[in-house]
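These protein sequence lines map, in sequence, to chains G, C and P. For the first sequence, the numbering used here gives the first residue as 3, with consecutive numbering after it. For the second sequence, the numbering used here gives the first residue as 43, with consecutive numbering after it. For the third sequence, the numbering used here gives the first residue as -4, with consecutive numbering after it. Ideal Cβ placement from N, Cα and C applies to all residues, glycine included. Single-structure report; data block below.
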Amino acid sequence: MSKFGDWLNERFPAREMMREHLTEYYAPKNFNILYYTGSLLLLMIVFQFVSGFLLMAHYVPTSKEAFSSVQGIMYDTRWGWLVRYMHVDGVSLIFILLYLHMGRGMLYGSYRKPRELLWLIGYVIYIMMMGEAFFGYILPFGNLSYWAGVVITSIVHAIPVIGPGLTTLVRGGTGIGTATLERFLALHAVLWFMIIAALIVLHILALHQVGSNNPDGIEIKKLKGADGIPLDGIPFHPYYTVKDVFGVGVFLTIFAAIIFYAPTMHGVFLERTTFFPANPMVSLPDVTPPWYLAPYYAMLRAIPNKYEGIILMAAAVMFPFFLPWLDRNPVRSSRYRPVYKAMIIIMGITFFTLAWVGEQPALPKYFLVERLGAAIYIGFYVLLPIISSIEPTKKVPERVRS
Amino acid sequence: MIRKAWVGAIAGALVSLGLGLAQAETLATPSYTFNKPTVIAGAKLFAEHCSSCHAVGSLRYNRLAGDLGMTKAEIKKDIMLPGGSHYLEGMEPAMTQADAAKWFGLPPPDLSHIVRATGARFIYTYLTSFYWDPQRPSGWNNHVFPNVAMPNVLAPWGGTYAKDGKELKAGVEPKAAYDQQVADIVAFLRYASDPSVFVRREIGGYVIGTLVVLSILAYFMKREYWKDVHDREEAQKKGEGMGTGSSKPKS
Amino acid sequence: MAKTVEGKKDGPNMGRRRFLTAATSVVGVAAIGTMAVAMVDSLEPTAAEAAAGVTVANLDPIEAGMQLTVPWQKNPVIIVNRTPAMLATLGEMEKKGILRDPNSDVPQQPTYCKNQYRSRKPEWLVMVRICTHLCCIPHYRPKKGTVTPWWLGGFHCPCHGSMYDLSGRVTKGSPAPHNMVVPDYTFSSDGKSVTITTMPPHAHLC
């Protein structure tokens, strides 16, 4: 074994990489439950890759056969239901994990210097994930897929000057059809996925350059022992690998419970209207996006003007990108910033309220909630630079709390 | 393609109805236990009353046999219709689509995904909401699906009612038995729209059990390893380990 | 770590640690392995493939002594309406002793076709028309003397010269190892059509 190891290491830096990224990568010892999300996201991406590959082995990207080929997976392929539910429910779980992962970053100030780039790469991954989810959403070609495709590509149409041409380019024609399915499959399974995979590698490399933040927001590298190892740091392997195995076990138990007992999650993870074939003649009573994109959709509807609504939605998506420069307080973690903590909690509640209202039919009775939600969401980012410079803070301890 | 468009048109109408109704009023919940016996009973009733017009094209007879534990002979006797599709193929109606379009104006929709798409409660309510309406060509109308093309084929069993709910002609079945039969048909359609349901229930427990065992083992493993971290904290607190208190992994 | 905790009562219990790591790994690998089996299984032929594999052929147009070849699961299947004279050659071939597997002992056919005619009804031969040597399609040569002077009628493969009798039984000296494959089939109740369904489980096609 070690003979082979020597042979390998003369030719490939396997041990060096092990040391650098696992056994001698020192992570703060006070990670809480939110710190499982990173490794779980990595696991889920692998699951999506495997299940997606298997789905693609049966999928036919034509407007005539897409729907029936997906139903063929559900009815005729051995374990096809397992593969598809893994892929479909996996998307919702990925977005749950993503929101927890980003919420954690906001709670503990993980976007702050020197982790700005880490945050930016992560946020780009999130935006790419939205695109990935959208392309995948169209492929089963149920009626919901069709109309979601029409609605979203018509947003592209609103871009000045190049909009109309770009829409035709994206659709591969004037409408959504075989050409659209073919290019969306190529984008979904090849280009977008490869970009996301590459960004994940960059995200991890950037993390290992600056080191992990922690719930106290204290830089553990400041206090090192005589051996040069941070006093509050522990090697990632074996301590966090064994901890993550436990996290994976619990998470997979939940995942399996969903797949086996509530695979559509009562129409939330897999919508009812996906069970009718695409039909350009019959519009849906209300086209609502999946829950994970619904907050932005609610903000789009908050303004009864096409262009202004789209601009508001784009701003909502882009604001968190600038978080590292909007927050001006020297203290990182919300544990020592009560005002900021309250703002984040209100923000979180607002985000999920917007998700709920975005799923409701477009009725005037929801306008107030939509507008209030949009105002709070935008208000958070606009007011943050001011509030963060004047807010009172608690004393930050020297060492992390265990 | 034209057939597909029509099916889609009906489907779209159904969806809007189903969704609109879900908002407007409470739907009746079929009272049944969803298990193999009710689904088998429903499949037999479906074959008797529905499958001469409606296909369940995604569901193959042999799949039905495997999932419900029926033999090929039973399927052939109770479920398959003469002139219908082959045992290895989906449940296709004996009536041709051309005939259907002639009789009803539209071909009756394929019901493979109908419960997933509209919900069991909608289907149950729809089947029990027919009323006699002489102005319709078929003589039938429906409270939750106005001007539906389908006649109330179950009227001889369930009875004929006027729009205001008055009984015009009694059915041969007592009300409770009839409601149970309609619920069984809904149970079958619910299975048909999600045929992996029985397999999932059968193996789900084992899968989750294995993962729970894995989680418990991993928890104790984690606790065992993390004793190092707690020991190190103790050492640092006593001041004896400052500097040397690194936790190196065991190779 | 070992250095600082040495001599401590509650130091790491390496045996317990090793046991828990091994137990977790075993359960984890078993779980992943089971899932991998299901995932690979999903690439097996689907039920749609199996249903598409059924061919129904009308027997009406096939006159005595004639054949019809129909596609079945992307293979040619020959249906021959054998005359009594043609059936008589089967016994003659057996008597000559030149058949490699005259009793059809190799399971190249369903059990109900393990007879001299290799069929359900003597006159109707339903057989995959693929030479068991290297997958060529043999010629149908029913007339005597058309291939060799002693030829009684049968199948002759143009690629490497394998010879079969009118039941698809291979002759000694042919490069083909086995008799040609007879698929599972049933006749309709009126006997006017044949439904070809599945491949016998142990059949060697080519």
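Assuming the contact rule is C-beta atoms closer than 8 Å, residue i and residue j should be a hit. Round their C-beta distance to whole Å, please.
| i | j | result |
| --- | --- | --- |
| P:T41 | G:D78 | 4 Å |
| P:T84 | P:D179 | That pair is no contact at about 26 Å. |
| G:A16 | G:L10 | 6 Å |
| C:L87 | C:Q222 | With 8 Å as the limit, C:L87 and C:Q222 do not qualify as a contact, their Cβ atoms being about 10 Å apart. |
| G:I75 | G:V85 | 7 Å |
| G:Y148 | G:N281 | 7 Å |
| P:G29 | P:R95 | Here the sequence assigns Thr to residue 29 of chain P, which means Gly is not the residue at that position. No, P:T29 and P:R95 are not in contact; Cβ-Cβ is about 44 Å, not under 8 Å. |
| C:Y74 | C:A218 | With a Cβ gap of about 12 Å, C:Y74 and C:A218 do not count as contacting. |
| P:A171 | P:C126 | 5 Å |
| G:R274 | C:A159 | 5 Å |
| P:V75 | P:L200 | About 19 Å; that fails the 8 Å criterion. |
| C:G132 | C:G99 | 4 Å |
| G:I197 | G:M130 | 6 Å |
| P:Q111 | P:S162 | 7 Å |
| G:E361 | G:T290 | 5 Å |
| G:G165 | G:V158 | 6 Å |
On the DSSP bridge list, what partners appear for residue i?
| i | result |
| --- | --- |
| C:A89 | The partner list for C:A89 (beta bridge, DSSP) is empty, contrary to what the question assumes. |
| P:Y135 | P:F150 |
| P:V121 | P:I74 |
| C:M133 | C:V98 |
| P:W67 | P:N70 |
Measuring CA to CA, which of the options is closest to residue i?
| i | options | result |
| --- | --- | --- |
| G:M225 | G:R330, G:Y28, G:Y128, G:I123 | It is Leu, not Met, that sits at residue 225 of chain G in the sequence shown. Per the Cα distances, G:Y28. |
| C:A70 | C:G161, C:K144, C:T113 | C:G161 |
| G:L100 | G:L272, G:G144, G:W121, G:L43 | G:L43 |
| G:W358 | G:V384, G:T266, G:M301 | G:M301 |
| P:S37 | G:L325, G:A135, G:L120, G:F55 | G:F55 |
| C:R163 | C:V228, C:G213, C:I258, C:N194 | C:V228 |
| G:E26 | G:I231, G:Y309, G:I157, G:Y110 | G:I231 |
| G:L209 | G:L102, G:R401, G:Y113, G:F186 | G:Y113 |
| P:S99 | P:P195, P:P144, P:H173 | P:H173 |
| P:R136 | P:G149, P:R11, P:P144 | P:G149 |
| G:H60 | G:A318, G:M46, G:G82, G:V48 | G:G82 |
| G:P326 | G:K5, G:D246, G:Y110 | G:Y110 |
| C:L298 | C:V186, C:I245, C:K205, C:A212 | Beyond the ends of chain C as shown, which are 43 and 293, falls residue 298 of chain C; an answer cannot be given. |
| G:T182 | G:T169, G:P387, G:F262 | G:T169 |
| G:M104 | G:I47, G:T395, G:G350 | G:G350 |
| P:R77 | P:K139, P:N110, P:G186, P:E58 | P:E58 |
| C:Y261 | G:G219, G:Y241, G:K223 | G:Y241 |
| G:D91 | G:Y263, G:P387, G:G249 | G:Y263 |
| G:V384 | G:L328, G:G179, G:I347 | G:L328 |
Go ahead and pull the three-state DSSP assignment for residue i.
| i | result |
| --- | --- |
| C:A64 | Caution is warranted here: a pLDDT of 47 is assigned to C:A64, below 50, making its placement in the model unreliable, and the coordinate value is therefore given only provisionally. It is helical. |
| G:G74 | helix |
| G:S336 | helix |
| P:Q62 | strand |
| G:I161 | coil |
| G:F143 | coil |
| C:E205 | It should be noted that the sequence gives Lys, not Glu, for residue 205 of chain C. Residue state, collapsed to three classes: coil. |
| G:V192 | helix |
| G:T182 | helix |
| G:N11 | helix |
| P:M194 | coil |
| C:P193 | coil |
| P:K116 | coil |
| P:Y159 | strand |
| P:V189 | strand |
| G:L122 | helix |
| P:V165 | strand |
| C:W182 | strand |
| P:S99 | coil |
| G:P30 | strand |
| P:Y180 | strand |
Cβ of residue i within 7 Å of any heavy atom in the ligand PLP?
| i | result |
| --- | --- |
| C:H91 | The model depicted lacks the ligand PLP and carries no ligand whatsoever. |
**Message:** Restricting to runs no shorter than 3 residues, where is the beta strand (DSSP E) found entirely within the segment 66 to 130 of chain C?
**Reply:** If only complete runs of 3 or more residues are kept, the segment 66 to 130 of chain C shows the beta strand (DSSP E) at 98 to 102, in order along the chain.
**Prompt:** Unbroken beta strand (DSSP E) runs of length 3 or more, entirely within the segment 202 to 263 of chain G: which are they?
**Reply:** Within the segment 202 to 263 of chain G, the runs of beta strand (DSSP E) that reach at least 3 residues and sit entirely inside it are, in chain order, 235 to 237.
**Prompt:** Mind pulling the alpha helix (DSSP H) runs of 4 or more residues that sit fully within the segment 246 to 277 of chain C?
**Reply:** Within the segment 246 to 277 of chain C, no complete alpha helix (DSSP H) run reaches 4 residues.
**Message:** Quick check on the DSSP output: what are the complete alpha helix (DSSP H) runs of length 4 or more inside the segment 53 to 111 of chain G, in order along the chain?
**Reply:** Counting whole runs of 4 or more residues, the segment 53 to 111 of chain G contains the alpha helix (DSSP H) stretches 68 to 77, 82 to 109.
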